[in-house]
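A short write-up of the structure that comes next.
Number of protein chains: 2
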Amino acid sequence: MNKSLSALIMLSLSAIMAAAQEGRATWIWYPGDFEVWLSNQMQNKRTERGAFFPPFWRQDGHYVLIDFHKEFDLVAGEEVELYAEGQYNVKLNGKLLEGYPKKIHVPAGRHKLNLKVHAQDRVPAIYVKGRTIVSDSTWLVTYEDKEWIDETGKASDQSGTMWLNAASWHFDQPSTPPSSFRLATEPHPAQTIERADGNGLLVDFGRETFGFARLHGVSGTGRISLYYGESKEEALATGTCETLDRITVDNVTDKDTVLELSKAFRFIWIEPEGGVQIDSVSMLYEYLPTVQRGSFRSSDTLLNRIWDVAKYTMELTTREFFIDGIKRDRWIWSGDAYQSYLMNYYLNFDLPSVKRTMLALRGKDPVTSHINTIMDYSFYWFISIFDYYQYTGDKQFVSLIYPKMQQLMDFCLDRRNNDGFMEGLPGDWVFIDWAEGLSKQGAVSFEQLLFCRSLEAMQLCAGIIGDGPGAERYGQLAAEMKEKVFTTYWDMDRNAFLHSLVDGELVDHVTRYANMFAIFFGYLDELQKQSVKNGVLLNENVPAITTPYMRFYELEALCTLGEHKYVLEEIRDYWGGMLRLGATSFWEEYDPGKQGVAHYSMYGRPFGKSLCHSWGASPIYLLGRYFLGVKPVKPGYAEYQVEPSLGDLEWMEGTVPTPNGDIRLYIDRKQIRIQAEGGSGKLILHSRTKPEAQGLTVTPLGGDRYELEIPVGSIHQVSYR
Amino acid sequence: MNKSLSALIMLSLSAIMAAAQEGRATWIWYPGDFEVWLSNQMQNKRTERGAFFPPFWRQDGHYVLIDFHKEFDLVAGEEVELYAEGQYNVKLNGKLLEGYPKKIHVPAGRHKLNLKVHAQDRVPAIYVKGRTIVSDSTWLVTYEDKEWIDETGKASDQSGTMWLNAASWHFDQPSTPPSSFRLATEPHPAQTIERADGNGLLVDFGRETFGFARLHGVSGTGRISLYYGESKEEALATGTCETLDRITVDNVTDKDTVLELSKAFRFIWIEPEGGVQIDSVSMLYEYLPTVQRGSFRSSDTLLNRIWDVAKYTMELTTREFFIDGIKRDRWIWSGDAYQSYLMNYYLNFDLPSVKRTMLALRGKDPVTSHINTIMDYSFYWFISIFDYYQYTGDKQFVSLIYPKMQQLMDFCLDRRNNDGFMEGLPGDWVFIDWAEGLSKQGAVSFEQLLFCRSLEAMQLCAGIIGDGPGAERYGQLAAEMKEKVFTTYWDMDRNAFLHSLVDGELVDHVTRYANMFAIFFGYLDELQKQSVKNGVLLNENVPAITTPYMRFYELEALCTLGEHKYVLEEIRDYWGGMLRLGATSFWEEYDPGKQGVAHYSMYGRPFGKSLCHSWGASPIYLLGRYFLGVKPVKPGYAEYQVEPSLGDLEWMEGTVPTPNGDIRLYIDRKQIRIQAEGGSGKLILHSRTKPEAQGLTVTPLGGDRYELEIPVGSIHQVSYR
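Residue numbers (the UniProt record's numbering), protein chains in the order written: chain P, 1 to 721; chain S, 1 to 721.
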C-alpha cells in the first residue's frame, strides 16, 4: 500500500485526540444524521452509462433543526468561539443572544449554553471552543426540545424530550465541518498508455483501482468520451461498458482536466472527437485513510497472494461506508456490509466505519421496507450488532441503536405469515444468494434461521441496555422460533433442513443455506453437524455455491467443523482460480465452469459483473478467525481465545487487532510465539505431549487438548508436538 | 384593499387552468413534501430581538429521492421537454437515457416515461411538456420504487410500492419551479415620518402591516438599527421591543436598501449611528394573493368595521400557510389554524391554503409528539379534516391524509391513561387557552370532548375512503368515549361538565370549555343545553374568557342556542373594545379590564402580545355561518341550508362562497333576496305568516318556521313578517 503519510498521521492524531478528548473541541451533531446525509451523497454517485442511478429504496433526510446544550461550571470567565453549520441561535442560561454571535464571554460560575441550528442542505452541527467550554460528545442534543412557555413566560416543567449524547468523528478544526468531508486522494500514474488508430487511447492502470481520471495536456475543441473497464474487453466495448464519461472542451490549450465523478476501472478507453488532442492520462486514486492492523503470512505463497488481493479488495470497498462493489452499485448493502464488518475485525478494526455503515443502513423511522428492501438484509443488520458487541464491547453504541432495532423488529414481526414464519410479502426481496434457479417462494428455512438469530440479537441487546421485559420477550420469541424451525424444516430421513415451506407444504429439496448457518450459529448437535457436513456440505448433489458471498459461510461452517485442510484447498482453488484469470481484486461471482468474457457478464449485461466486490475478501476473516484462530469469548475481547489451526501449512504468522491492542502470533508444527497487548486470553493447543512454555501455566483439557493462559505484554514461546 | 391587478389575474388564470388541467403542464412533486419544505422555510423566519427563533417541535424533511412515472398512448411521436429540480434520470420504457436529457423524442405507441429525482435542499420536482405528454397530477409518484432485478436482469414482479398521485399547485411555467415560491410584494408608503433629536426617525404606516422595511437615500458609514412596533410604545422601547434589525453601511451615497427579513409592524423607530443619513422610509408589503369571495355588510357601521378589520387580520395571517400572528410566532399552530380554516370558508374559500396548512402541521411519520406539542392541537387537526370534508366534499384529499390521521390517532390512543382518558404525559402541552390560573392537571374534560370528536372524524374519514373495519373501530371508540365523558364529568347537581379528573378524583370546578364545545358538537339534549347556557355561559361566576380564541367557541355556542342578539352585543363590546383602543387588526388577547400599555404585555414581556392574531378574526365566521346563516348540510354544499338571523340588525347582506359558486343574500325585517350559483339549498325562515316568494315552493315546518327551496341561478325575492 502506498498511502500518503500525512493521511496516516492525521488518523493517528485523531485517535490520540479521541483518547484525550476532554478539553478538545470537535464538530458535533445529532447521532446518525451525518451517516444519513453522507450515504445519500455517496449512493447518488452511481451512474450507469452516463445516467444518474440512485437506489430504489427510500433515502432519508437528517433532522434539519437541532438543539445542542451543555452545562458548565467555570472557575474563571472565558471567551468562547462559536461555529455552526447552518442558521443558528445562542442561549446563555436560557437568554437568547442577538444575532449570530461568533464569540461570547461566559463569566465564572454555573452556566447552561444552548445552540439551536437549522440546516436543510447539510447536517446541523456546531463547533464550540473556549478554554474549558468545548463541543464534544458530552453535549446533549435533540430534534424536539419542546420548550414551550405559558402566558406568563414560565417554561414547561415536565419535559418528555429524549436527549442523546452528541455524535462526532474526526472533524476537529473549525475549518473542517462535517459537510466538508471528502475521501483522500493521491496521484497515480497509468501503467501503460497505448495509442490506437483514430486518436484513441487505451490506458491500463495495472490493476483494479478507483478514482478520478485525469487528462493531461488537452488541446483543441470537441468531445472526449471515456469508457471505463474493469477488464480490457469492457473498456473497448463502447456500446456495453457499464460506466462512461463525456466531456466537451472548447478551444483549450494544454489543459489539465480531472473528471468530476470517481469511477472504478483498470482500463480506460478514451476517444477524443473533433480533433481534440490529449498528451497523457493519469488518475487521482480516491480512498479512505485507514491504519492496517491485521496481517497474515504463511508458508503458502498462493495463500499469501490471496490474502493480499483480499486486503486490496477491502481497501477499495472500504470508503465513506463499507460498500458492495466499486463499479456498481457503490451502495451500502446490509448483507455485503455484514461480511465487511467481520473482515474488518481481522484487518483494520476500524470501528467508526462499522458504526457509520450500520447507522446509514438503518436510516430513519418509520420503517417502510426491509433494509435494502431485502428480508435477509434486515436480519444481517440485527446480527451485525450482535457481532459488533462481541468484538468491541461497545455498550454505548448498542444503547444508541437499540430503539432503531426495536422499530425494525416490530416491522419484521408484523410481517410473519399465519404459521409465524417470515415469507416474502409484496415489496420484500427474498435474496439469499445469486444462484440460478434458487427458489424464493414460500417461507424459506434460511430466512427463519436468520430471523431466529436476529431475535437472539434483540434479546442480547435488550439485556445490555437493561430492558428486562424486552429481553424476556425477545428471548421467548427466539426460543419458539428455533423450536419451530426444527420441527418444521428438519428432515429426519435426510438429516438436514429442507429449503422451504410453500403454501403449507414442505418442498422436498435440500440447499446449503440453512444447513451451513445452523452449524456456526451453534444450533446443531454433534450428530446433526456430521450429517450436515457429509450429507450437504460435502455432497456434490446439493447445488454448488458460485458466489464468494455464500462461500464465506460455507467455508466458515467447514472451519467450525474442523475441516481446515479442505477449506485451504477450497480457498486455493476458488480464490486462486480468480487470480489465475488475472483478477487483481475479488469478484462478485465466480463460476469456474465459465470461459473467457463470459466471466464478466451478469444481470443480462455483458459487463454487469463487479470485479471488485467486498464479499470477495472473505479469506481475511477465515484465516484470522479460524486459522490464526483468534476470537473474543467475552465482549470486546475482555476474554479471548486463540486456537490456531495450520491445516496443511508449514507455518503461518499474523496479527489480530482487538480493542485492547494487537495479538501477534507465529505458529509452525513445533512452536508457537504469541504476544498480546491486552485482554485476558487463552491459547488452546492440540499436542501429543504436554506443551512447554516458560512462565505459562498449561492446563490439560483432556485428550490432546491443552489450555495456556496468555499474559499481557512480552512475547511467549510455546513448544508442542 | 389595494392589491396589484396582475396578482389577481395570475390567480384567476391559475384557477381556469386548474379547471382545464388536462394537457397543461405544471410542476409536480410528492404530496406533502412542498408543504414540509415551505413550512420549514417560513417558520424559521421568526426572530426575537434579532436572534433566530425556530420552533421547539420537530421539523421534518421532504423525501429527497422521488420516482415519477406515467404511461402514455401516442397517436403520433412528439418532442418532450424535461425540467427537474435536482439531479435526475430519465427512463423510457424502462431504459435509462444517458446524461441529463432536456428534450427527448417519444415515438407513437404506448410508452412509460419515468423520471427519478434527487434533491436535498429543495423538493424533488419535475416539469414535463410535450404536445400530449405533460406533467400533472395524473402522474404517479413514490419515495421507494423497490425496482430491484435478479441476477439475470429480470425486474421484481411483486411490488409493494404505494404509488400516489403527484401533487401540484400553481407552478405552471418551466421557469417557476416550486423552490422559486415567494409571496407577492408591492410598495407601500409610510403615512408619517417624524424626525427626532439625534437623527432618529419614527415611521408610522397608519395601520398594522407586514413586509420589508425599505430605506431610501442612505448615505454615510455606520450602523442603522430598526426597532419595530405594533404600537408606537413598542417601537420606541428599544430595549424591550420584540423585533429589531441592524444593518451596517460602509461609505454609501444615496443608497436604496430593502431589509432582508419581512417583519410585522405599524411603527418603526430607526436609529442611524455614526453619521449615517436616511432620506426616507417606505416598505414592501408582502402578501399571499387571494380572491375575496365572502362579504358582509349590515345596518350597523361598527359591526361593518369589525368585519373589515377581521378581514384585514385574516389577510395578514393568511400567508405561505395560515399562521398565528405576524409579529410572533409566524408559525403554524393547529388550534389557531383551525379557526382560520373556518373563517376562510366564509371569506376566500381558499382551499389550497387549507390543505397546505393541514399537511404542514402533520409533517412526516413517525409521530413523536402532539401537533405543535399540544394535545388539543392534535385534536383540532382531526376535527379540521372533518370540517374540511363538510365544506368541500373533497374525498381525494381525505384519502391522501387518512393514513396520516391513522398514525396520529395511534399515537393518541397509546397515550390514554388507565381510565382511558387523555391526560398530559411528559412532553405533552395541555393548552386549552391562555387564562390565568387555568388548571391543566389530570384528565381535563375539554380534552376528552375534543378526543371524542376526533374519533368521530376518524370514523367519518374511514367511511369515506372505504375502510370499513376502521370506521367500525373508531365509531365504537367514539361512542365509548362519549358515554364515558358523560358518566365521568357531567355533574347532575350543577347540570354541567366539571373541569377535570385528577388522580381519580373529580375536581368540583366548572369552566366554560367542555360545556360550550358540547353544545355545538351536538352532544347535549335540550335540557342540558339550557342548563349549560344559564348555568355556565351566561353565569358571571364562571371564569370569563379573555382571548378571542375561546370567545370564538363561546359565541358559536351561544349562536347555536339562538342567542344572536346577545352575541351581537358581545361582538360590539369585545371586538369594538379593541377598535376603541386603536386596533387596526385583532389581538391575541384582550382583557377589557386592563389599562394603557398593559394591553401590550404577555408572556412576562412588555410587548409580548401579538396585536394581529388570526384567532382574532372570528366575526367573519360567526356572521357568515350564524347570521347570514349559510352552512353545508351535505359534503361540499351538495346540499346546504340558509337560516338567516338578523339579531338586532335592521338589515344585512353578504356573500358566502361554496365549491359550487357563491351564495348571495340580502335580508331585512321584511324581505330576503337570495341568489345561489350552485348546489341544492333550502332557506329556513321564521315568519308570523307564510312567506311569499314568486316561483318558490314554501313548506311550513311547524310553528313560525318555513322552508323554501332555493333554485340555482337568478335572484329570488322572499317577503315575510
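Yeah, the Cβ is synthetic: ideal placement off N, Cα and C, and Gly gets one too.
Item to check | 7 Å Cβ cutoff met for Val542 of chain P and Val510 of chain P | outcome: Taking the first sequence and counting its residues from 1, one reaches residue 542 of chain P at position 542. Taking the first sequence and counting its residues from 1, one reaches residue 510 of chain P at position 510. Yes, they are a contact pair.
Item to check | Terminal residues of the beta strand (DSSP E) in which Ile104 of chain P lies | outcome: Walking along the first sequence from the start, residue 104 of chain P turns up at place 104. Looking at the DSSP string, the run of the beta strand (DSSP E) that includes Ile104 of chain P is Lys103 to Val106.
Checklist entry - How is His599 of chain S classed by DSSP in three states: helix, strand or coil? => result Position 599 of the second sequence, counted from the first residue, corresponds to residue 599 of chain S. It is helical.
Item to check | chain S contact residues for residue 734 of chain P, given Cβ-Cβ distances below 7 Å | outcome: A question about residue 734 of chain P goes unanswered here, because the residues of chain P that appear run from 1 up to 721.
Next on the checklist: Judging by CA-CA distance, which residue of S:Pro272, S:Trp307 and S:Ser295 is the nearest neighbour of Ala196 of chain S?
Outcome noted: Here residue 196 of chain S is taken as the residue at index 196 of the second sequence, counted from 1. Comparing Cα positions, the closest option is S:Pro272.
Item to check | Where Glu22 of chain P falls: helix, strand or coil (DSSP) | outcome: The count along the first sequence starts at 1 and reaches residue 22 of chain P at position 22. Residue placement at Glu22 of chain P is flagged as unreliable, the pLDDT there being 46, under the threshold of 50; the coordinate-derived value follows with that caveat. In the structure shown, Glu22 of chain P sits in coil (DSSP, three-state: anything other than H, G, I, E or B).
Next on the checklist: Which same chain residues end up closer than 8 Å to Asp256 of chain P when comparing Cβ atoms and leaving out the 5 residues on each side of it in sequence?
Outcome noted: Residue numbering aside, residue 256 of chain P sits at position 256 when the first sequence is read from its first letter. If we look at Asp256 of chain P and ignore the five residues flanking it on each side, its Cβ neighbours are Arg214, Leu215, His216, Gly217 and Val218.
Checklist entry - Can the beta-carbon of Pro619 of chain P be found less than 7 Å from the beta-carbon of Ile401 of chain P? => result Residue numbering aside, residue 619 of chain P sits at position 619 when the first sequence is read from its first letter. Residue numbering aside, residue 401 of chain P sits at position 401 when the first sequence is read from its first letter. Cβ distance not < 7 Å, so Pro619 of chain P and Ile401 of chain P don't count as in contact.
Item to check | According to DSSP, residues forming a beta bridge with Phe72 of chain P | outcome: If you number the first sequence from 1, residue 72 of chain P lands on position 72. Per DSSP, P:His111.
Checklist entry - Since Leu284 of chain P is in the beta strand (DSSP E), which residue starts that stretch and which ends it? => result Indexing the first sequence from 1 puts residue 284 of chain P at position 284. Where Leu284 of chain P is concerned, the enclosing beta strand (DSSP E) stretches over Ser280 to Tyr287.
Checklist entry - Taking Cβ positions, are His716 of chain S and Leu696 of chain S nearer each other than 7 Å? => result As a working note, residue 716 of chain S is residue 716 in the second sequence. As a working note, residue 696 of chain S is residue 696 in the second sequence. Yes. Within cutoff.
Checklist entry - Which residues, taken in chain order from the region 504-522 of chain S, show a beta carbon closer than 7 Å to some beta carbon of chain P? => result none
Checklist entry - Over what stretch of residues does the beta strand (DSSP E) that includes Asn89 of chain S continue unbroken? => result The count along the second sequence starts at 1 and reaches residue 89 of chain S at position 89. Unbroken beta strand (DSSP E) run through Asn89 of chain S: Gln87 to Leu92.
Next on the checklist: Among S:Gly239, S:Ile710, S:Val502 and S:Arg625, whose alpha-carbon lies nearest the alpha-carbon of Phe296 of chain S?
Outcome noted: Within the second sequence, the letter at position 296 stands for residue 296 of chain S. Among S:Gly239, S:Ile710, S:Val502 and S:Arg625, the Cα nearest to that of Phe296 of chain S is on S:Arg625.
Checklist entry - Of all the options P:Gly153, P:Gly616, P:Ile464 and P:Gly468, which has the alpha carbon lying nearest to the alpha carbon of Tyr312 of chain P? => result Position 312 of the first sequence holds residue 312 of chain P. Cα-wise, what sits closest to Tyr312 of chain P is P:Gly616.
Checklist entry - Along the chain, which unbroken stretches of the alpha helix (DSSP H) at least 4 residues long are found entirely within the region 586-661 of chain P? => result 619-622
Checklist entry - Distance, Cα to Cα, Ser454 of chain S vs Glu483 of chain S? => result Residue numbering aside, residue 454 of chain S sits at position 454 when the second sequence is read from its first letter. Residue numbering aside, residue 483 of chain S sits at position 483 when the second sequence is read from its first letter. Their Cα atoms are separated by approximately 15 Å.
Next on the checklist: Taking DSSP's pairing of strands, which residues face Lys116 of chain S in a bridge?
Outcome noted: Looking up residue 116 of chain S in the second sequence gives position 116. BP columns for Lys116 of chain S point to S:Asp67 and S:Asn89.
Item to check | Between the CA atoms of Ile323 of chain P and residue 724 of chain S - distance to the nearest angstrom | outcome: A question about residue 724 of chain S goes unanswered here, because the residues of chain S that appear run from 1 up to 721.
Next on the checklist: What does the alpha-carbon distance come out to for the pair Glu639 of chain P and Lys682 of chain P?
Outcome noted: Within the first sequence, numbered from 1, the residue matching residue 639 of chain P stands at position 639. Within the first sequence, numbered from 1, the residue matching residue 682 of chain P stands at position 682. Distance between the alpha carbons of Glu639 of chain P and Lys682 of chain P: 8 Å.
Item to check | Contact belief for Lys327 of chain S with Glu472 of chain S at Cβ below 8 Å, rounded distance in angstroms | outcome: Residue numbering aside, residue 327 of chain S sits at position 327 when the second sequence is read from its first letter. Residue numbering aside, residue 472 of chain S sits at position 472 when the second sequence is read from its first letter. With 8 Å as the limit, Lys327 of chain S and Glu472 of chain S do not qualify as a contact, their Cβ atoms being about 47 Å apart.
Checklist entry - If you count every other CB in all the chains shown that lies within 10 Å of the CB of Ala496 of chain S, and 16 or more means buried, which is it? => result Position 496 of the second sequence holds residue 496 of chain S. By the 10 Å Cβ count, Ala496 of chain S comes out buried.
Next on the checklist: If contact is defined by three or more beta carbon pairs under 8 Å, each pair taking one atom from either stretch, is the region 414-430 of chain S in contact with the region 347-362 of chain S?
Outcome noted: no
Next on the checklist: Within 8 Å, do at least three Cβ pairs link the region 361-377 of chain P to the region 684-696 of chain P?
Outcome noted: no
Checklist entry - Roughly how many angstroms separate the alpha carbons of Tyr389 of chain P and Asn344 of chain P, rounded to a whole number? => result Locating residue 389 of chain P in the first sequence gives position 389, where the first residue counts as 1. Locating residue 344 of chain P in the first sequence gives position 344, where the first residue counts as 1. Each residue's Cα considered, the two are about 14 Å apart.
Item to check | DSSP three-state assignment for Asp254 of chain S, whether helix, strand or coil | outcome: As a first step, residue 254 of chain S is located in the second sequence; it is residue number 254 there, counting from the start. Looking at Asp254 of chain S - three-state DSSP - the assignment turns out to be strand.
Checklist entry - Per DSSP, what kind of secondary structure is Gly463 of chain S in: helix, strand or coil? => result Start at 1 with the first residue of the second sequence, and residue 463 of chain S comes out as number 463. Here Gly463 of chain S sits in helix by DSSP.
Checklist entry - DSSP puts residue 744 of chain P in a beta bridge; with which residues? => result Lying outside 1 to 721, the shown extent of chain P, residue 744 of chain P is not represented and no answer is given.
Next on the checklist: Using only the alpha-carbon positions, how far apart do Ile332 of chain S and Gly363 of chain S sit?
Outcome noted: Position 332 of the second sequence, counting from 1, holds the residue named residue 332 of chain S. Position 363 of the second sequence, counting from 1, holds the residue named residue 363 of chain S. Computed Cα separation, rounded: 12 Å.
Checklist entry - Span of the alpha helix (DSSP H) holding Asp33 of chain S? => result Within the second sequence, the letter at position 33 stands for residue 33 of chain S. Unbroken alpha helix (DSSP H) run through Asp33 of chain S: Asp33 to Gln43.
Next on the checklist: On the criterion of 16 or more Cβ atoms from any shown chain inside 10 Å, does Glu320 of chain S qualify as buried, or is it exposed?
Outcome noted: Stepping through the second sequence from its first residue, residue 320 of chain S is reached at position 320. Per the 10 Å Cβ criterion, buried.
Next on the checklist: To be precise: take each residue of the region 53-69 of chain P, compare its Cβ to all Cβ atoms of chain S, and keep it if any distance is under 9 Å. Which residues remain?
Outcome noted: Phe53, Pro54, Pro55, Phe56, Trp57, Arg58, Gln59, Asp60, Gly61, His62, Tyr63, Val64, Leu65 and Asp67
Next on the checklist: Is there a C-beta anywhere in chain P that falls below 7 Å from the one on Ala544 of chain S?
Outcome noted: If you number the second sequence from 1, residue 544 of chain S lands on position 544. So, not an interface residue.
Item to check | Close Cβ partners of Gly463 of chain S (< 7 Å) along its chain, the five nearest in sequence each way excluded | outcome: By one-based count along the second sequence, residue 463 of chain S stands at place 463. Within the same chain, Gly463 of chain S has close Cβ partners Ala471.
Item to check | Alpha-carbon spacing of residue 756 of chain P relative to Ala518 of chain P, whole angstroms | outcome: Only positions 1 to 721 of chain P appear in the structure, and residue 756 of chain P is not among them; the question remains open.
Checklist entry - Grouping DSSP H, G and I as helix and E and B as strand, with all else coil, what is Ile371 of chain S? => result Along the second sequence, read from residue 1 onward, the residue named residue 371 of chain S stands at position 371. If DSSP states are grouped into helix, strand and coil, Ile371 of chain S belongs with the helices.
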